[in-house]
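Student:
Number of protein chains: 2
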Amino acid sequence: MNTVTDTRQRILESARDLIYARSYGEVGVAAICDSAGVKKGSFYHFFPSKRDLTLAVIDEFLVDFKERIFAEAFSKSLPPMQRFLRLAELAYRFQKEIAEETGHILGCPFGNIALEMSTQDEVLRQKVELIFSRMEDLFRETLTEAVAQGEIGEIDTGATASAMVAYAEGIMLMAKTRNDPEVLRTLMPVIADIRIPR
Amino acid sequence: MNTVTDTRQRILESARDLIYARSYGEVGVAAICDSAGVKKGSFYHFFPSKRDLTLAVIDEFLVDFKERIFAEAFSKSLPPMQRFLRLAELAYRFQKEIAEETGHILGCPFGNIALEMSTQDEVLRQKVELIFSRMEDLFRETLTEAVAQGEIGEIDTGATASAMVAYAEGIMLMAKTRNDPEVLRTLMPVIADIRIPR
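So the sequences go chain by chain: A and B. Here the numbering used here is used: the first residue of the first sequence is 48, the next is one more, and so on. Here the numbering used here is used: the first residue of the second sequence is 48, the next is one more, and so on.
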């Protein structure tokens, strides 16, 4: 990795860690530069604004979650409905690990940004909306497989997928509010029981 | 209402409207004072800190929601499970009205504060946690009535109540992220179908 890439990556990782641990509003450019050990001029060379940096942070989380969680949970080697249970288990383990390190459940980084920023920044709102839509697509395709294989009966796969994504976000919110990973262990698996009839 | 009460109330209502429309971090004491038409000295006379004011704002929302939404939804005149459907309908109407006024779905004020502030302010986190616990109590008592009256079969009323509160928060989050009240209309009624077996 050359120096330019390295500086950009340090800014990105500092911002990711700080914003995830606190909030978008609480973390200023100065704090990010301090943490990354770079000057403000350098920051603005790589990211024209905090919003641009945040869009890159969201993409960074997305790549990380795809590799660490979604690739394993949505492996074709698992029966479709089992994939949701694996997702629940991996989400629990991931949050529990963070809580052990930091003392806090940090929740879903996309949900965090959505609730804090949706009324204030239309670009960030649309970015998170797109991520949730992609998640709904993945869930819907998985449910369609489950129906096709007879694992579950006929349902409204689109509405059920939307309800499942909302439920997952709600459980993340409750776990963060209670600061207790056990909320995820006991209640996230219920995601696989949600069914909306056609 | 005398002048002292009136000044306190103006600060409180300005803070409630501004924080709900934007976020905790985005709204400073100066903006609240500007909006309320009071001087900073006067602000600190009534509220030692922004956190104290926010605790009062949360109580203000609570009283308002109890009167406008929960009293009607959880009326004993309705069959227990119908109360959850009425809650869904009232939540939809409330958010739709706000969206028509402001252009934005503002979501659940408690969930908003929880996701933004839980890792940063332990007092605010515990305040919202308590509100969610009370909501779970109300849901659990309603489910217990439904079971006793034979409206639904035997379930784990405690776990189901927790899952229902989480689902409601998740739907609010999705509606805010999509900035679309129709998410509430189509998906919130599903709350009454959540069942966790004993």
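From the three backbone atoms N, C-alpha and C, an ideal C-beta is built for every residue, glycine too.
Which chain A residues sit within Cβ distance under 7 Å of K223(B)?
Tutor: If you number the second sequence from 1, residue 223(B) lands on position 176. By Cβ distance, chain A contributes A161, L162 and S165.
Student: I believe E163(A) touches L231(B) by the beta-carbon criterion, under 8 Å. Please report the beta-carbon distance rounded to the nearest angstrom.
Tutor: Position 116 of the first sequence, counting from 1, holds the residue named residue 163(A). Position 184 of the second sequence, counting from 1, holds the residue named residue 231(B). At roughly 20 Å, the Cβ-Cβ gap does not stay under 8 Å, so E163(A) and L231(B) are not in contact.
Student: Just checking: is the beta-carbon of S61(B) within a distance shorter than 8 Å of some beta-carbon in chain C?
Tutor: Chain labels in this structure do not include chain C; the protein chains are A and B.
Student: I'd like the list of long-range same chain contacts for L42(B), defined as Cβ closer than 6 Å, with 5 residues on each side in sequence excluded.
Tutor: In the structure displayed, chain B extends from 48 to 245; residue 42(B) sits before or after that span and is not available.
Student: Going along chain B, which residues have a C-beta under 7 Å from S70(A)?
Tutor: For this step, residue 70(A) is matched to residue 23 along the first sequence. By Cβ distance, chain B contributes G72, E163 and Q167.
Student: Which residue marks the beginning of the alpha helix (DSSP H) containing Y91(B), and which one marks its end?
Tutor: By one-based count along the second sequence, residue 91(B) stands at place 44. Segment K87 to F93, the alpha helix (DSSP H) holding Y91(B).
Student: Under the rule that 16 or more other beta-carbon atoms within 10 Å means buried, what is A138(A), buried or exposed?
Tutor: As a position in the first sequence, residue 138(A) is number 91, starting the count at 1. Buried, because 16 or more other Cβ atoms sit within 10 Å of the Cβ of A138(A).
Student: Would DSSP call R225(B) helix, strand or coil?
Tutor: Taking the first residue of the second sequence as 1, we reach residue 225(B) at position 178. Looking at R225(B) - three-state DSSP - the assignment turns out to be helix.
Student: In this structure, does DSSP put G205(A) in helix, strand or coil?
Tutor: Residue 205(A) sits at position 158 when you count from the first residue of the first sequence. Looking at G205(A) - three-state DSSP - the assignment turns out to be helix.
Student: Count the CB pairs spanning the segment 188-200 of chain B and the segment 177-195 of chain A that are closer than 8 Å, and state whether there are at least three.
Tutor: Short answer: they don't touch.
Student: Can you check whether the C-beta of S209(B) is within less than 8 Å of a C-beta belonging to chain A?
Tutor: Position 162 of the second sequence, counted from the first residue, corresponds to residue 209(B). By this cut-off, S209(B) is an interface position.
Student: Less than 7 Å between C-beta atoms, sequence neighbours within five positions excluded: which residues of the same chain meet that for E216(B)?
Tutor: Along the second sequence, read from residue 1 onward, the residue named residue 216(B) stands at position 169. If we look at E216(B) and ignore the five residues flanking it on each side, its Cβ neighbours are C155 and G158.
Student: With the cut-off set at 8 Å, would you say V85(A) and I58(A) are in Cβ contact?
Tutor: Counted from its first residue, the first sequence places residue 85(A) at position 38. Counted from its first residue, the first sequence places residue 58(A) at position 11. A contact, by the Cβ cut-off of 8 Å.
Student: If we cut at 8 Å on Cβ distances, does A213(A) have a partner in chain B?
Tutor: Position 166 of the first sequence, counting from 1, holds the residue named residue 213(A). Closer than 8 Å: yes.
Student: Buried or exposed: where does S122(A) fall if 16 or more other Cβ atoms within 10 Å of its Cβ makes it buried?
Tutor: The residue you call residue 122(A) lines up with position 75 of the first sequence. It is exposed - the Cβ of S122(A) has fewer than 16 other Cβ atoms within 10 Å.
Student: With the cut-off set at 8 Å, would you say I160(A) and I105(A) are in Cβ contact?
Tutor: Here residue 160(A) corresponds to residue number 113 of the first sequence, with the count starting at 1. Here residue 105(A) corresponds to residue number 58 of the first sequence, with the count starting at 1. Going by C-beta atoms, I160(A) is nearer than 8 Å to I105(A).
Student: Assign I66(B) to one of three DSSP states: helix, strand, or coil.
Tutor: Taking the first residue of the second sequence as position 1, residue 66(B) is located at position 19. Helix.
Student: Quick check on DSSP: helix, strand or coil for S82(A)?
Tutor: Here residue 82(A) refers to the residue found at position 35 of the first sequence. Of the three classes helix, strand and coil, the one that applies to S82(A) here is helix, per DSSP.
Student: Mind pulling the chain B residues with CB within less than 9 Å of A206(A)?
Tutor: Your numbering for residue 206(A) matches position 159 in the first sequence. Near A206(A) (Cβ distances below 9 Å), the residues of chain B are T233, L234 and V237.
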